[in-house]
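Novice: Chains as they are written, first to last, in my numbering: chain A, 1 to 115; chain B, 1 to 114. Ideal Cβ positions, reconstructed from N, Cα and C, are used throughout, including at glycine. As the structure is a prediction and not an experimental result, all values here were calculated from the model. My structure is below; once you've seen it, I'll send some questions.
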Amino acid sequence: DVKVTQSSRYLVKRTGEKVFLECVQDMDHENMFWYRQDPGLGLRLIYFSYDVKMKEKGDIPEGYSVSREKKERFSLILESASTNQTSMYLCASRTWTGATNEKLFFGSGTQLSVL
Amino acid sequence: SQQGEEDPQALSIQEGENATMNCSYKTSINNLQWYRQNSGRGLVHLILIRSNEREKHSGRLRVTLDTSKKSSSLLITASRAADTASYFCATGLPNSGGYQKVTFGTGTKLQVIP
């Protein structure tokens, strides 16, 4: 089975800190995604990466950046954390064989609290 | 606003009953998927229906898709307490870069009472 591992389950940071959220997948998937999940808002796409060093903005990229230097690792960076970035962050990966047969595999999530 | 919105937001049923969740979306899609999430953990893929399909079955799951109405429904038959979870629809959207992004709805929280 595909394993998507997020480095921390819970994280507490101070306003203004630089925060790194790490995600690693072990199935050689080309595409990786970062979502945030908030009550009543569902999952919202922050960024996705379709290959190493390639990235595309999602629906809410403001205040975030990403890095994909190696195929298995996709990092989400909060340059200067703010309280409105307190959220559950979910990483996902998929292999791309076409739109008719796709499946995202998710990590367990990182609950980030910014104080 | 979200590409997909589920209805109802919450649903409570007795074990053995059927559960129906609906999803509406806004733009043309390549496919529609349903995912399940237990207790705020990661999501698990349940089923995918292609834009040219109208109905699909997998075990106790039945998914329908009406592209003219931009809506889908997920039916779980003979529900069990273990089906208690949140369910999300997700749409595969054509992307200008040629890579498909996947956007999620707001979710339906299902409670199955033993």
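(1) If I'm right that A:Ser-80 touches A:Ser-67 with Cβ under 8 angstroms, what's the distance once you round it to whole angstroms?
(2) Just the C-alpha distance for B:Ser-79 and A:Lys-70, rounded to the nearest angstrom, thanks.
(3) Checking the sheet assignment: what are the DSSP bridge partners for B:Thr-64?
(4) Rank B:Arg-54, B:Ile-113, B:Gly-4 and B:Thr-67 by C-alpha distance to the C-alpha of B:Ala-85 and give the top, closest one.
(5) Buried or exposed: which applies to B:Thr-27, given that a residue is buried once 16 or more other Cβ atoms fall within 10 Å of its Cβ?
(6) Tell me which residues of the segment 42 to 61 of chain A have at least one Cβ-Cβ distance to chain B shorter than 8 angstroms, keeping chain order.
(7) Does A:Val-4 come within less than 9 angstroms of chain B when only Cβ atoms are used?
(8) Pull up the CB-CB distance for A:Phe-106 and B:Leu-43, whole angstroms please, since I reckon it's below 8 angstroms.
(9) Give the single residue among B:Glu-53, B:Ala-82, B:Leu-32 and B:Asn-52 whose Cα lies nearest to the Cα of B:His-45.
(10) In the DSSP assignment, what residue or residues form a beta bridge with A:Thr-110?
(11) For B:Phe-88, which option in B:Leu-48, B:Thr-77, B:Asn-52 and B:Glu-53 has the closest C-alpha, if you only look at C-alpha atoms?
(12) Can you check whether the CB of A:Cys-91 is closer than 9 angstroms to the CB of A:Gln-37?
Specialist: Let me lay it out:
(1) Their Cβ separation, rounded to whole angstroms, is 16 angstroms, which puts A:Ser-80 and A:Ser-67 out of contact at 8 angstroms.
(2) 43 angstroms
(3) B:Glu-55 and B:Ser-73
(4) Cα-wise, what sits closest to B:Ala-85 is B:Ile-113.
(5) exposed
(6) Gly-42, Leu-43, Arg-44, Leu-45, Phe-48, Tyr-50, Glu-56, Gly-58 and Asp-59
(7) yes
(8) Indeed they touch by this definition, with Cβ atoms about 5 angstroms apart.
(9) B:Leu-32
(10) A:Tyr-89
(11) B:Leu-48
(12) Between A:Gln-37 and A:Cys-91, the C-beta gap is not smaller than 9 angstroms, which leaves the two residues out of contact.
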